[in-house]
Each structure stands twice: as C-alpha cells, then as structure tokens.
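J.: Note that the protein sequences, when read in sequence, are chains A and B. Mapping of the first sequence onto full-length UniProt numbering: residues 1 to 385, in sequence order. Mapping of the second sequence onto full-length UniProt numbering: residues 1 to 385, in sequence order. In this text, a Cβ means the ideal position worked out from N, Cα and C, and glycines have one as well.
Protein chains: 2
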Amino acid sequence: MATTGTDLSRMREMNQLSIVWALRGNQPSTVTELAGRAGLSRPAVDVLVQTLVADGWAEVEEPGANSVVGRPARRFRFRADAGHVLGIDIGVHKILVMLSDLEGNLVHTLRRPADPEADPRTRLAAVDRAIDEVLRRAGMTPADIWAVTLGVTGPVDASGRTIISTPLPGWTAADPVAHLAARFPCPIQVENDCKLAAVAERWKGVASDADDIVFLLAGLRTGAGLILDGTLRRGHGGAAGEIGALKAVRWLSAPGHLENCPGIPATAAPGEAAAWVFQAARDGDRQAKTAVRRYTRDLAVGVAALVLALDPQVVVYGGGFSRSADVVLEPLRQELTKHCLRLPELRASTLGDESVALGAVRLALDEVDSRLLSDGLAAPTAPTA
Amino acid sequence: MATTGTDLSRMREMNQLSIVWALRGNQPSTVTELAGRAGLSRPAVDVLVQTLVADGWAEVEEPGANSVVGRPARRFRFRADAGHVLGIDIGVHKILVMLSDLEGNLVHTLRRPADPEADPRTRLAAVDRAIDEVLRRAGMTPADIWAVTLGVTGPVDASGRTIISTPLPGWTAADPVAHLAARFPCPIQVENDCKLAAVAERWKGVASDADDIVFLLAGLRTGAGLILDGTLRRGHGGAAGEIGALKAVRWLSAPGHLENCPGIPATAAPGEAAAWVFQAARDGDRQAKTAVRRYTRDLAVGVAALVLALDPQVVVYGGGFSRSADVVLEPLRQELTKHCLRLPELRASTLGDESVALGAVRLALDEVDSRLLSDGLAAPTAPTA
DNA sequence: TGAATTAGTAAACTGCTCAGCATTATCCAG
DNA sequence: CTGGATAATGCTGAGCAGTTTACTAATTCA
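#1: Apply the 10 Å Cβ neighbour rule to Ala197 of chain A and answer buried if 16 or more other Cβ atoms are within range, or exposed otherwise.
#2: Locate the beta strand (DSSP E) running through Gln16 of chain B, then write down its first and last residues.
#3: If you draw a straight line from the alpha carbon of Ala348 of chain B to that of Val214 of chain B, how long is it in whole angstroms?
#4: Out of B:Gly318, B:Pro113, B:Thr384, B:Leu168, state which residue places its alpha-carbon closest to the alpha-carbon of Val368 of chain B.
#5: Which residues, in chain order, does the stretch 297-321 of chain A contribute to contact with chain B at a C-beta distance below 7 Å?
#6: Would you list, in chain order, the members of the stretch 234-245 of chain A that have their beta-carbon closer than 9 Å to a beta-carbon of chain B?
#7: Looking at the secondary structure, which residues open and close the beta strand (DSSP E) in which Gln189 of chain B lies?
#8: In the stretch 231-315 of chain B, which residue ranges form an unbroken alpha helix (DSSP H) of at least 4 residues, counting only runs that do not cross its ends?
#9: So that I know if they touch, is there some Cβ in chain B lying closer than 8 Å to that of Leu228 of chain A?
#10: Would you call the CB atoms of Asp212 of chain A and His236 of chain B closer than 8 Å?
#11: Which term fits Pro63 of chain B, buried or exposed, when burial requires 16 or more other beta carbons within 10 angstroms of its beta carbon?
#12: Could you give the DSSP three-state label for Leu96 of chain A: helix, strand or coil?
#13: I want to see whether chain B comes within less than 8 Å of Ala58 of chain A, judged by CB atoms only; does it?
#14: Who does Ser29 of chain A pair with in a DSSP beta bridge?
#15: DSSP three-state call for Val69 of chain A: helix, strand or coil?
#16: How is the alpha helix (DSSP H) around Pro43 of chain A delimited, first residue to last?
#17: With 7 Å as the C-beta to C-beta threshold (strictly closer), list the residues of the stretch 204-217 of chain A near chain B in chain order.
#18: Count the other CB atoms within 10 Å of the CB of Gln334 of chain A; is the residue buried (16 or more) or exposed (fewer)?
#19: Beta carbon of Ala118 of chain A: closer than 7 Å to some heavy atom of the ligand FAD?
#20: Taking C-beta to C-beta, are Cys261 of chain B and Ala288 of chain B nearer than 8 Å?
#21: Quick test of the definition: if touching needs 3 or more C-beta pairs under 8 Å, does the stretch 302-313 of chain A touch the stretch 341-355 of chain A?
#22: Below 8 Å on the Cβ atoms is my contact criterion, and I expect Ala200 of chain B with Arg362 of chain B to pass it. Report the Cβ-Cβ distance as a whole number of Å.
#23: Have a look at Asp157 of chain A and Val356 of chain A and give me their C-alpha separation to the nearest angstrom.
#24: Alpha carbon to alpha carbon, what distance is there between Leu40 of chain B and Asn15 of chain B?
#25: Which bits of chain B does His339 of chain A rub up against, with CB to CB less than 9 Å?
#26: For the alpha helix (DSSP H) holding Asp375 of chain A, just list the boundary residues, first then last.
#27: Grab the span of the beta strand (DSSP E) containing Leu106 of chain A for me, first residue to last.
#28: In chain A, what lies closer than 7 Å to Arg342 of chain B by C-beta?
#29: If you draw a straight line from the alpha carbon of residue 387 of chain B to that of Leu17 of chain A, how long is it in whole angstroms?
#30: Compare the C-alpha of Val134 of chain B against each of B:Ala118, B:Leu168, B:Arg111 and name the closest.
#31: Which whole runs of the beta strand (DSSP E) in the stretch 203-233 of chain A are 3 residues long or more, in chain order?
#32: Helix, strand or coil for Leu86 of chain A, going by three-state DSSP, please let me know.
#33: Considering only DSSP beta bridges, list what Gly151 of chain B is partnered with.
#34: Which residue wins for smallest C-alpha separation from Ala240 of chain B, given the options A:Asp229, A:Asn192, A:Asp375?
#35: Pull up the CB-CB distance for Gly154 of chain B and Thr162 of chain B, whole angstroms please, since I reckon it's below 8 Å.
#36: Hey, is the stretch 288-297 of chain A in contact with the stretch 313-331 of chain A, meaning 3+ C-beta pairs nearer than 8 Å?
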C-alpha cells in the first residue's frame, strides 16, 4: 500500500479523468449533472469539460427542443469514436473479429470459418485478412486502433505465448504478439479464451451483478475462467482455471459421453453430435438422458473443486453447449449439491460463442483505460506499445 | 472504476497519509528522506510532519552524535504506540492472544491451554480471561484497543459466525463478534484460521515475496488459505479454500494414515502420534515411511486441485505438521509433479502455531489502515465500530 | 578560523477549487 | 407581444496547498 504524494497538476488530471468516467456510458450530460456525478463544483467541471472539448475527448450538443422552464443547458457527449479497439477470437473452427469504439459499442463484427488443421502461419494469415476486411469496412488504418486483444485456447503466459497443451496445431511455436506488433503500433495482448469469456459474462452477460464468478466454457473442450473480487485472475503463470488437467476431474473425457451416445444419426456432422444428444434428451430419449447425466456427473467434479476452492457467487455455464443449458443445469445442480458446502447460483450464458471476442474487446478497453489513468489524457491518440 | 473528484483538503489528507506510510516501518527519518520517499518537496513534508507531531502521530528525535558533514537533521519517528490491536487465535487446544502496536511489533503474547470439549460460553470466558491478563500486563483498558481480530476453525461468514462444519463443539450457535463487542468499542472481526495463517505467512513468514499463495494448514485437520494478487480471498460466502470437503480429495482421512501407522508406542499422547511417525520416517522406519507416503498422496490431490485452479507462485506447508516438512515436502513435490501442469515452489512455514494469531494481528492492522484511508487522520484515537 | 555541506525557513508564485453574483436564454402567463 | 419567473452560464475574488527559490542556521573538516 505505497501511497505516493500528489500535487496540483496530478489532482487536475484525476479530476479530468473523473469527468471522462462520468461522461462515458451515459446520455449526453449537462455540466450540473456531471458536477453531481463527479463530486466537483460546477465551475470546476465547466473548465474541465471545456478543455476536454478542445482536446477532442468530448463534444457539445447545442440545446434543441427543451420542454423545461429556464435557460436550456448545453449537453456534453463523450466522443466514443475518438479511438477504437479490436477484440479477436482465434478459435479452432472460426475467427471472430470485433471492432469497438471507446464506449464498447461494436462498430463491426466479422466471422470467418477456420480450418481446424491449419498451421499457425496460415491461421495468422487468415486473421490478418479478417482484420483487413474489418478495417476496410470501417475506413480505418492500423494507426486508428488503440489496443488489440487476442483470444486463443490453451493457457497463455505473460509474453502471450502458449507453452503447454493447445488444440491449435503447432501453436506452441507461434508468437502472435510479435506477428501483430509488426502491423499495429498499439499495445497487443493475448489471453486464454475461457478467461476472456468470463470477462465478457461480467461485462455484458449474465453475471454483471457478481464479483466472484466461475465461468465454464463447455464444448468439445471444457475450460474455466475465474473472476474474483471483480477482476480476472490469471494465476502466476497464466494457468489459473486449468483444473481440467487433474486426472480425478474427467473434463477431457466428459464430452465423450455425448459423442459416443448410441442413436446419433450417421448423417450428423462431427460438431453436431452433442447438439443432437441434447435435443434427444430434451425430447425424452432414455439413452440420451443417460449420456447427458454421465456428462454432467464428470463435469460436476471439476466444478465442485472450483466452487469449494473459491466459493464464488455465480457459476456461469457458457461455451458452445450453453444453448443446451436447459437440460444440463438441473442435473448439474443436483450433482453439485452432493459435493459442495454452499451452492452458488447457476446461470446459463446468453452470449453464446461471441463471448470470447467480446471479452477480448473488454480487455482491450481496460488496457486503454489503464493508460489513461497512468499517463493522463492529452489529445486522444493511439498509445504505442 | 468509479473515480471520484478530489479537492485540496482531500489531497492534503492523502499526502499526510503518504507521509505516515513513509514513516512507518522505517528507521527514524529526516525530512529530506521522507520527501524522497513520498515524492513531495521538502517544505511540504516539513509542514505535514509538523502537524503529525502536533497531533501525536509522530515524534521528533533531536540530533545527537552525527559523523556526517553539514547541519545534522532532526529525525522523525512514527509513534507506533499511539494505538494497539489484538490478534487472537481460538484453537481447539489453545488460546493465543497477541497485543501489537501500530507497526506490528508484538507487545505481549499470552498462550493458554483450552479444553477441546469446552462449550462456546466456557471457551469465550477463557478468551476473556486471557485478554484481561494481556491488557493488565500492558497496563491498558479496552478503550486503548483500536481493532480486534479473532481466528477460529471452520468457514466464517460476513457476520463472523461459523455456520457449517467446525470442530469447536457447539460453535455454530456462538456469536463471538457480539460477545466481544460488549467489551470493546472498536471494530471486531472474525476470520477462518487457515486464511489468517496465510496472511501471516505473507506478512512475516516464508512467502513475503509472493503475490499468489496457497497456504496449507496441515495438522490433524487440513485446510487451505488463499492469497491472490496480494490479498486474501474469502470467497462470496467466506468459504474459499474448503476444497477438503470434496470427497475425491481425501483430506479428512489423510492424517489417519499417520495415526493408524503400526508401531506407534502406546505411551504417545493423542496429538503426538503423528510427530512420532514423522520422526520414525526420518530415521528410516519402513512402515512409517509408507504411512507418510500415503498421507502425502492423499494430501496432494487437494493441493493439486488448488494449484491447477489458481496457478499460485508458492505453496506454503504450514500448521502443526510443518515442523516435519523435511519428510513431507519432497514426496509432496513428486506427487504434485504427476498432477500439475506447472509446479509452484514448495516452502515450509517457519511461523509454527503462531501463524494464526499473527495473521489476526495483521488483519486488525489492515482494518486500522483502511479506517485511516477512508476517514483521514485526525488525532490518534480508537475508532468505533 | 573559514570553507563546505546540509537542514530549516520564509516569501513569492502557480494552479486549483469554490462561493457568490451578474448575465443570458428560454418558457409562460397575462 | 411583453414582462416576470426560472435555470444555466460566465466571471471574479478568496482561500488553500504545494513548488521553487533564496536565505539563514548548524555542524564537520582542513
């Protein structure tokens, strides 16, 4: 807790930031409203907001039709389009690129299928093409981007590399940060997909009210992302949440119960088998229900370990299987009751397979914010890594 | 991230606090040194430190023999004895009371045996007597105490009550906060013993360099305390770290391997059996070594679950068994290698059975600090709950 | 004894917030 | 259409905190 001394200029910086925080994510606001929100006096807010307008961080909205008595107030709006960030999900089967403004509004979203067998070079080339397409549509250049966050499967270390256990072929040799740094001058971040999805779920998803969250990315692979006390926990080596690696936790084999369920039509695509089983279970098929129960039982051990270790408020069931949460959540709850001391809330994700890219956007925005907090806000320009 | 506006007086408060922070835990310091540490100018520090002296937070040390060239500087010292806190460990077999000044120096420590079968009323009465004795020796009254933290076994909720699973007979009905609040006007806190021991280990123990710590309280009971990103994680319901409740994790039965080891002399006291086995294993006894290996194997599953879930930097082996860490750590390391992706450092606690009370002191001091941060520092007086 | 060095102190200056008052723009009633 | 009521804006002076600069005081060493 090393508090450091403050002087006047730093104080002004902080007050200016508090105005930005009060402006952002709100309707265009009058000076009086901002003064209330930021806890400052009206004159102080006035001059602060003037300099924000002069620097390009905010813009004035001249008063229009106003049904209230008295002189109509000018309203100030945060210029969310002063900068943009990219959130990118590099999945096994797809690439998802999201372009967002500084308020987190999505400007463009682009989805491209990916070859599951592609080597890192090919995969990164596909990512490059997708990014180019998004920038082209938005009429932007890499210099307009303030931060980029990439999501990949497998644990990611501090340098953005995936050392151990990734289902992306050859990915342990890839250095995605270096690859993107060649094109983007701004900060570049790589993060594990489960962690990003957890972040998204707290930002725009089903757990926005909770500070302690265990997020399950359930699909053909199972993973977890942890948010404790409102912030993402990466672990010392970036490998937090990898409980699936424990042999007693059968997350690796759990989806097998679904894929090997008797009765799956031979016509079903490899990725569709699980969906078929869930639907069959929903329709009352006996064998399918057994398969789901077995899957849930294997899943529950790992979830219980996380719940007992962390005592979260909410467990979010997300990932590709979350569309079938209606047949999973109840048996999962029953299994957890057997294992746990205190049962957390169980919720199904609503963000579907966009959660990873969305979480990447949020992390990129956090990066921008932390730059603002440490460097203060001069004119809005892209920070350099 | 709701930044709030600042004005001059708040700024002064913060700078004053930064001087206190720079003063505390250091040798008596000159104004110039403080200015460097706090990042303020010399004149500014001078007037701040003057008011600190006037308020009773600091005292001057007139310059004595000084071998350096130039005018000798006055030195200022934090008045650590301006206030005191109590850290109390209510164990099954013992009660340990620590009285500490504001710098964390222990003024008095008192250990009293406790009846394992005592009901809560009797136990709390014994605690009262121990507290009275400590206060008497220090010549203090309850009004001189600024914060009290109690450590108990079993998970503790936000109100300081232990709802589930405690080895203290009848304790679920006890309300220790209410009991102590009748005597102490200051803030009172109750916390789980494993969590407190973890805090102590990061404060004065073997993990002071780490921010992500899994602490094991190993004894006839096994428990865990978690420190992530440098702060204690309680979990949403205060039950974080209770991985031992999982059936696949055999922490409940693990110490049984030691107690049921053949060859234990009948003369050994019930609590001494384990120590005998550890010693025998150290001496090369075949059966004892097998017992230790079995114990370690059961222990390792739970540790591996925590390590995989959290990816800590350090695992600290503490509690009553930590004296025998030399025969446990190596087999534990081998077991963990089988389970984990990334092996954290393994360290043996050096605080022994004082860690819980010491952690309680640290938490009480944190309480005092957070009061200072939020309320600022007027004259040093005991805060009221 | 005087030069060098460092600490303490006072004054001038900058920059910020705030309170209060005059000004301005709008609505509405007569 | 006009004057009064209402509320936002703009301006000025007061107060406060920290920095800079310069000066004085106290000590050591040659």
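T.: Based on what the coordinates show:
#1: With a 10 Å radius around the Cβ and a threshold of 16 neighbouring Cβ atoms, Ala197 of chain A comes out buried.
#2: Taken as a continuous stretch (DSSP letters only), Gln16 of chain B belongs to no beta strand (DSSP E), being part of the alpha helix (DSSP H) at 8-23.
#3: Spanning the two alpha carbons is a distance of roughly 12 Å.
#4: The shortest Cα separation from Val368 of chain B among B:Gly318, B:Pro113, B:Thr384, B:Leu168 belongs to B:Thr384.
#5: Those residues of the stretch 297-321 of chain A that come within reach of chain B (Cβ to Cβ, closer than 7 Å) are Val301, Ala304, Ala305, Leu306, Leu308, Ala309, Leu310, Asp311, Pro312, Gln313.
#6: Answer in chain order: Arg234, Gly235, His236, Gly237, Gly238, Ala239, Ala240, Gly241, Glu242, Ile243, Gly244, Ala245.
#7: Counting along the chain, Gln189 of chain B sits inside the beta strand (DSSP E) bounded by residues 188-192.
#8: Complete alpha helix (DSSP H) runs here, min 4: 256-259, 273-282, 286-310.
#9: True, the Cβ-Cβ gap to chain B drops below 8 Å.
#10: Yes, the Cβ-Cβ distance between Asp212 of chain A and His236 of chain B is below 8 Å.
#11: With fewer than 16 other Cβ atoms within 10 Å, it is exposed.
#12: Of the three classes helix, strand and coil, the one that applies to Leu96 of chain A here is strand, per DSSP.
#13: No, Ala58 of chain A lies away from the interface with chain B (no Cβ there is under 8 Å from its Cβ).
#14: DSSP, once it has assigned bridges, lists A:Phe76 as partnering Ser29 of chain A.
#15: Three-state DSSP puts Val69 of chain A in coil, outside helix and strand.
#16: Note, Pro43 of chain A: alpha helix (DSSP H), 42-55.
#17: For the stretch 204-217 of chain A, which is checked against every Cβ of chain B, the residues closer than 7 Å are Asp212.
#18: When all chains shown are included, Gln334 of chain A counts as exposed.
#19: Among the components modelled here there is no ligand, and therefore nothing to report on the ligand FAD.
#20: Taking 8 Å as the Cβ cut-off, Cys261 of chain B and Ala288 of chain B qualify as a contacting pair.
#21: Judged by Cβ distances under 8 Å, the stretch 302-313 of chain A makes contact with the stretch 341-355 of chain A, as three or more pairs qualify.
#22: About 6 Å separates the beta carbon of Ala200 of chain B from that of Arg362 of chain B, a gap short enough to meet the 8 Å contact definition.
#23: Going from the Cα of Asp157 of chain A to the Cα of Val356 of chain A covers about 18 Å.
#24: Approximately 8 Å, taken between the alpha carbons.
#25: The contact set of His339 of chain A on chain B, defined by CB atoms closer than 9 Å, consists of Ala245, Leu246, Lys247, Ala248 in chain order.
#26: Counting along the chain, the alpha helix (DSSP H) containing Asp375 of chain A begins and ends at 355-375.
#27: Membership of Leu106 of chain A in the beta strand (DSSP E) is indicated by the continuous run 106-113.
#28: The contact set of Arg342 of chain B on chain A, defined by CB atoms closer than 7 Å, consists of Gly237, Ala239 in chain order.
#29: Outside the displayed range of chain B (1 to 385) lies residue 387 of chain B, so it cannot be described from this structure.
#30: Comparing C-alpha distances from Val134 of chain B to each of B:Ala118, B:Leu168, B:Arg111 shows the shortest one belongs to B:Arg111.
#31: The beta strand (DSSP E) runs lying completely inside the stretch 203-233 of chain A and spanning 3 residues or more are 213-218, 222-228, given in chain order.
#32: Reduced to three states, the DSSP call for Leu86 of chain A is strand.
#33: For Gly151 of chain B, which the question treats as bridged, DSSP gives the partners B:Asp89, B:Glu191.
#34: Among A:Asp229, A:Asn192, A:Asp375, the Cα nearest to that of Ala240 of chain B belongs to A:Asp229.
#35: Correct: roughly 4 Å between the Cβ atoms.
#36: Touching, per the Cβ criterion.
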